[in-house]
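Below is one structure, written out as structure tokens; comments come after it.
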Amino acid sequence: MKVRACLFLVLAACAAPLGSGAGQAAGEAGRTRVVYEPPRKAAYRGIYREMRDHRVLERVAAIVGLVRLPTRLTYRLKECAGELNAWYAPENRSVTVCYELLDSIVQAAPRARSPAGVTRQEAIRGPVFQILLHESSHALFDLLDVPILGREEDAADQVASLILLHLSPADARMVVAGGGYYFATAAKDEPVDKGAFADVHGLSWQRFYNLACMAYGSDRSRYRTIVSKGYLPKERADGCGEEYEQVAFAFRKLIGPHLRVRPVGGDRLRRAFRSAFKS
Ligand SMILES: [Zn+2]
């Protein structure tokens with residue numbers, strides 16, 4: 155099974171009618187819309203209910219809604235004819251996540267707990283939020299005309315990590331542990347050939363280490379076990395504080411002016427992200 159975390163695909167507008175789960179994200183996140191298309195495949199009905207009942211798209215939309223968007227952004231859960239994928243489409247300003255991708259995440263999760271101690275819940279919820287925030291980052295780059303130095307896929311991962319690390323300690327741990335598990339699992343089936351090096355995405359192990367570095371760089375004390383247990387080499391870890399600050403600086407400079415929250419770098423932003431995520 156090849157798990158592809160994201161493809162930044164340029165697809166034609168989705169012509170499917172709105173599902174019964176269509177709705178507006180509430181309050182200040184007024185320029186976002188969420189659509190849960192009910193799946194035809196019976197095996198995906200559990201995912202549909204879980205996503206809808208836990209208001210997963212609304213919670214991500216609420217975080218992105220802290221940014222003043224120039225246009226409406228739609229989040230859509232749908233079946234994709236067997237494709238394991240998620241993407242942002244600039245033509246219709248929508249983030250789409252496929253049941254097939256979510257199902258692959260569920261299938262890859264441990265029954266109870268992985269040997270490294272990642273719970274089943276973390277292994278499922280972590281990558282779901284990581285993927286949705288990664289695609290949301292592509293949307294922000296496009297909608298806000300954010301200039302990007304380096305690879306857009308790396309930048310999308312870094313912005314997603316930055317936002318997720320502003321959540322509560324428990325939620326942030328969920329994403330770091332679950333996202334790490336997801337990348338490490340994907341790496342097992344990933345051919346490391348010339349095609350992999352040519353891909354716009356980093357290799358899964360590179361994405362794993364980038365996530366681990368961002369977490370450690372955000373709070374060396376809270377995430378010290380990432381290094382002490384050997385998940386991040388000391389040589390890389392030494393510079394992670396600077397790596398994190400570099401992303402935080404770019405976020406403040408380029409996305410900060412569009413935020414409804416002031417000041418951009420302080421505790422208010424942290425509280426705003428947490429509050430939106432709990433909504
Ligand atoms: Zn991407």
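Heads up: take any position in the sequence shown, counting from 1, add 154, and you land on the numbering used here.
In this text, a Cβ means the ideal position worked out from N, Cα and C, and glycines have one as well.
Since the model is a prediction, treat every value here as computed from it, not as a measurement.
Asked	Found
Which parts of the region 230 to 291 are runs of the beta strand (DSSP E), unbroken and 3 residues or longer, counting only runs that do not cross its ends?	240 to 243, 248 to 252
Classify Q400: buried if its beta carbon has 16 or more other beta carbons within 10 angstroms, exposed otherwise.	exposed
State the beta-bridge partners of L223 as determined by DSSP.	Looking at the DSSP assignment, L223 forms no beta bridge with any residue, so it has no partner.
For L223, which residues in the same chain have their Cβ closer than 6 Å to its Cβ, ignoring the five residues on either side in sequence?	R185, L297
Using 10 angstroms around the beta-carbon of S372, count the other beta-carbons present and answer buried if the total reaches 16, otherwise exposed.	buried
Taking Y335 and A277 to be in contact with their CB atoms under 8 Å, please state how far apart those CB atoms are, rounded to whole angstroms.	5 Å
How should A169 be labelled, buried or exposed, when 16 other C-beta atoms within 10 angstroms of its C-beta is the threshold for buried?	Bear in mind that the predicted position of A169 carries a pLDDT of just 27, short of 50, making it too unreliable to give a figure here.
Given a cut-off of 7 Å, decide if A310 and I302 are closer than it, judged by their beta-carbon atoms.	no
At a cut-off of 6 Å, would you count E307 as near ligand 1, judging by its Cβ distance to the nearest heavy atom?	yes
Under 7 Å, do R209 and L227 count as touching if we go by C-beta distance?	no
Taking Cβ positions, are G332 and R376 nearer each other than 7 Å?	no
May I ask you to report which of helix, strand or coil DSSP gives L297?	helix
Start and end of the beta strand (DSSP E) containing R187?	186 to 190
Taking the C-alpha atoms as reference points, what is the distance between A404 and A314?	13 Å
Could you check which residue in R199, S268, L294 has the C-alpha nearest to that of G214?	Sequence check: residue 214 is Val here, not Gly. Nearest option by C-alpha distance: L294.
Please report how far the alpha carbon of F362 lies from the alpha carbon of P193, in whole angstroms.	31 Å
Give me the Cα-Cα distance between L211 and Y253, rounded to the nearest whole angstrom.	13 Å
With a Cβ-Cβ cutoff of 7 Å, do A340 and S358 count as a contact?	yes
Less than 6 Å between the CB of A310 and some heavy atom of ligand 1, yes or no?	yes
Compare the beta carbon distance of V329 and F283 with 7 Å and say whether it is the shorter of the two.	yes
Using the C-alpha atoms, what's the distance from M205 back to Y370?	29 Å
Label P387 either buried or exposed according to how many other C-beta atoms from any shown protein chain fall within 10 Å of its C-beta, with 16 as the threshold for buried.	exposed
Is the beta carbon of R265 closer than 7 Å to that of T443?	Outside the shown range of the chain (155 to 433) lies residue 443, about which nothing can therefore be said.
Contact check, Y229 vs V249 under 8 Å by CB: the rounded distance?	5 Å
Which residue's Cα is closest to the Cα of R414: G304, V188, A426?	A426
Compute the beta-carbon to beta-carbon distance between K231 and E191, rounded to the nearest angstrom, for a pair I have assumed lies under 8 Å.	The identity of residue 231 in the sequence shown is Leu, whereas the question assumes Lys. Confirmed, about 6 Å.
So, with DSSP's three-state summary, where would you put F431?	helix
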